[in-house]
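Asks:
Numbering (UniProt numbering), first residue to last: 1 to 154.
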């Protein structure tokens with residue numbers, strides 16, 4: 001697919017290290033940089049997004065990108081926008097956005113980008129934008145920390 005589509009960028013959502021060493025396909029110098037995302041958006045060729053299993057992290061990123069495009073372009077449908085976008089992504093790639101934590105990450109990312117436009121003090125308080133340990137943001141942070149502890153025990 002890389003050669004067929006002549007993709008200039010491959011965005012890896014996993015570590016580029018296998019058994020403590022880099023594994024490039026050729027013997028040349030690998031061109032690895034974590035800051036190519038703005039350049040990839042301007043590329044005329046398709047960008048490849050990959051994660052370990054091919055659906056969980058990459059599906060989440062594609063869903064976030066589609067949702068941000070809906071919001072920036074002023075989508076006509078705002079009711080259940082995350083659900084319909086996630087279903088669209090799941091129709092394209094089976095098992096995409098596989099866990100509840102991925103859905104919460106989508107909502108947290110959207111909240112991050114919409115934060116400057118939330119003007120009501122009550123809504124900012126309930127969402128946890130005033131005090132990060134309260135509201136949705138606080139619950140999300142606790143859930144992520146709990147998940148990280150669980151992963152470290154495995």
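Every residue gets a Cβ at the ideal spot worked out from N, C-alpha and C, and that includes glycine.
1. For residue 50, which beta-bridge partners are listed by DSSP?
2. Alpha carbon to alpha carbon, what distance is there between residue 65 and residue 56?
3. Taking residue 85 as the reference, which of 145, 152, 63 and 106 has the closest Cα?
4. Got a sec? Which residues, its chain only, sit under 6 angstroms from residue 139 by beta carbon, not counting five neighbours each side?
5. For residue 60, does the count of other Cβ atoms within 10 angstroms reach 16, so buried, or fall short, so exposed?
6. Among 112, 122, 116 and 101, which one has its Cα closest to the Cα of residue 144?
7. Could you say if the region 127–136 and the region 73–92 meet the contact criterion of at least three C-beta pairs nearer than 8 angstroms?
8. How should residue 49 be labelled, buried or exposed, when 16 other C-beta atoms within 10 angstroms of its C-beta is the threshold for buried?
9. Starting from residue 119, trace the alpha helix (DSSP H) both ways and give me its first and last residue.
10. Could you give the residue range of the alpha helix (DSSP H) that holds residue 133?
11. For residue 165, count the other beta carbons within 10 Å of its own beta carbon; 16 or more makes it buried, fewer makes it exposed. Which is it?
12. With a cut-off of 8 angstroms on the beta carbons, I'd call residue 103 and residue 47 a contact; round off their distance for me.
13. Following the continuous alpha helix (DSSP H) through residue 65, name the residue where it begins and the one where it ends.
Replies: Taking the geometry as given:
1. DSSP lists 12 as partners of residue 50.
2. If you take the alpha carbons of residue 56 and residue 65, they lie about 14 angstroms apart.
3. Checking every option, the nearest Cα to that of residue 85 belongs to 63.
4. Cβ within range, chain order: n/a, list empty.
5. Label assigned to residue 60: buried.
6. Per the Cα distances, 101.
7. Touching, no, given that fewer than three Cβ pairs across the two stretches are closer than 8 angstroms.
8. Only buried fits residue 49, as 16 or more other CB atoms lie within 10 angstroms of its CB.
9. Residue 119: not part of any alpha helix (DSSP H); DSSP gives it neither H nor E.
10. For residue 133, no alpha helix (DSSP H) encloses it, and the DSSP letter there is neither H nor E.
11. Here the chain has residues from 1 to 154 only, and residue 165 is not among them.
12. Rounded, the Cβ-Cβ distance is 23 angstroms, inconsistent with contact.
13. Per DSSP, residue 65 is one residue of the alpha helix (DSSP H) stretching across 56–73.
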